[in-house]
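Numbering (my numbering), first residue to last: 2 to 318.
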């Protein structure tokens with residue numbers, strides 16, 4: 002961290018991460034934007050219903066009686082019996098939200114993240130194993146969605162920006178954005194949302210960009226460079242909604258990987274890439290880094306135009 006030359010958004014994903022991000026932000030307040038929240042990969046550890054036993058909670062997710070094939074499949078039953086002793090006791094959603102509120106309020110610049118939806122993830126037997134062996138279980142989508150909505154409600158209430166993970170969930174993500182905008186209107190437009198390592202089709206992104214003035218997309222080489230789709234997204238996206246990221250777990254590699262995507266953006270958009278930093282430069286002469294920096298400032302600031310064309314205003318406390 003001492004040699005880090007950029008500011009990072011340190012994302013939380015699971016219960017154990019939340020205090021680590023707190024500690025990192027306190028130790029390096031000028032280099033870390035703390036982000037608190039629960040990633041869809043770990044939402045199975047959260048219980049929506051209070052006073053539910055460990056077995057009842059996990060059985061309802063992985064061997065639901067609504068799915069006769071799954072709850073009676075010997076392979077699924079065997080996998081569940083092996084998995085259950087390895088799982089932690091579930092944590093109630095009310096407790097999760099209370100802790101999330103405390104953390105966000107402790108850091109006025111903190112974001113909600115990383116949160117979202119993922120239809121592809123399968124629960125591993127041991128997440129920390131060097132080579133993860135996967136179970137046949139996914140996290141029920143309705144469960145993911147309920148926990149995401151609860152976290153977004155808190156973000157809107159506190160006026161906090163959000164980093165959203167969306168994998169094989171394009172339609173559900175778009176429907177959720179529409180629902181939140183209708184429900185919260187101007188308060189929704191106070192916050193910014195980033196579809197991080199965005200894998201949407203260019204057509205889906207254009208529709209979201211047109212409907213929601215507060216949604217940005219960011220791209221990373223570690224995820225997006227697996228497909229040429231990311232270059233089409235860069236070309237399609239409004240120049241004022243584009244962000245870049247590392248999406249990497251090792252801080253020593255964050256700068257290098259972010260810079261790789263900056264270079265890709267410059268190439269695709271045909272923007273110049275700065276070789277030196279000149280203050281007070283006319284906007285027409287801005288290079289790629291300056292343009293992306295301005296987008297980040299716009300994202301952090303929030304208070305975007307609403308669908309009616311008015312600009313969201315600050316709420317008095």
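All residues carry an ideal CB built from backbone N, CA and C; glycine is no exception.
CB contact flag (residue i, residue j, <9 Å)
i	j	result
residue 194	residue 149	no
residue 138	residue 40	no
residue 1	residue 206	Residue 1 is absent from the model: the chain starts at 2 and stops at 318.
residue 169	residue 120	yes
residue 197	residue 248	yes
residue 44	residue 157	no
residue 274	residue 256	no
residue 19	residue 101	yes
residue 98	residue 145	no
residue 117	residue 215	no
residue 162	residue 301	yes
residue 218	residue 199	yes
residue 295	residue 241	yes
residue 47	residue 94	yes
residue 155	residue 126	no
residue 91	residue 55	yes
residue 236	residue 211	no
residue 272	residue 292	yes
residue 201	residue 209	yes
residue 49	residue 175	no
Boundaries (first-last residue) of the alpha helix (DSSP H) holding residue i
i	result
residue 190	187-191
residue 119	Here residue 119 belongs to no alpha helix (DSSP H); instead the beta strand (DSSP E) covers 112-119.
residue 142	142-159
residue 94	94-107
residue 76	75-84
residue 17	Here residue 17 belongs to no alpha helix (DSSP H), and DSSP marks it neither H nor E.
residue 293	289-302
residue 209	203-212
Where the beta strand (DSSP E) through residue i begins and ends
i	result
residue 65	From DSSP, residue 65 is part of no beta strand (DSSP E); its letter is neither H nor E.
residue 248	Neither: residue 248 is in no beta strand (DSSP E) and is coded neither H nor E.
residue 130	Premise fails: residue 130 is in no beta strand (DSSP E) and is neither H nor E.
residue 165	163-168
residue 217	216-220
Three-state secondary structure assigned by DSSP to residue i
i	result
residue 226	coil
residue 29	coil
residue 7	coil
residue 35	strand
residue 195	strand
residue 48	strand
residue 234	helix
residue 318	For residue 318, the predicted structure reports a pLDDT of 41, less than 50, and the residue's modelled location is therefore unreliable. The matter cannot be settled from this model.
residue 239	coil
residue 270	helix
residue 53	coil
residue 88	coil
residue 275	coil
residue 137	coil
residue 2	coil
residue 282	coil
residue 43	helix
residue 258	helix
residue 21	helix
Per DSSP, cross-strand counterpart(s) of residue i
i	result
residue 58	None, per the DSSP bridge assignment.
Closer than 8 Å: residue i CB and nearest the ligand ATP heavy atom
i	result
residue 158	Because no ligand of any kind appears in the structure shown, any question about the ligand ATP cannot be addressed here.
Minimum Cβ-Cβ distance from residue i to chain C less than 9 Å
i	result
residue 16	The structure shown has no chain C; it contains just one protein chain.
Query raised in the report: Quick one: any contact between the region 47-59 and the region 173-188, if contact means 3 or more CB pairs under 8 Å?
Result: no
Between the region 109-119 and the region 127-134, can you find at least three pairs of beta-carbon atoms closer than 8 Å?
no
Practice item. Report yes or no: do three or more beta-carbon pairs, one from the region 7-20 and one from the region 28-40, lie closer than 8 Å? Key: yes
Cβ contact check for the region 19-32 and the region 76-92: 3 or more pairs under 8 Å
no
Q. Does the pairing of the region 248-265 with the region 215-223 give three or more beta-carbon distances under 8 Å?
A. yes
Tell me, please, whether the region 260-268 touches the region 11-18 by the rule of three or more beta-carbon pairs shorter than 8 Å.
no
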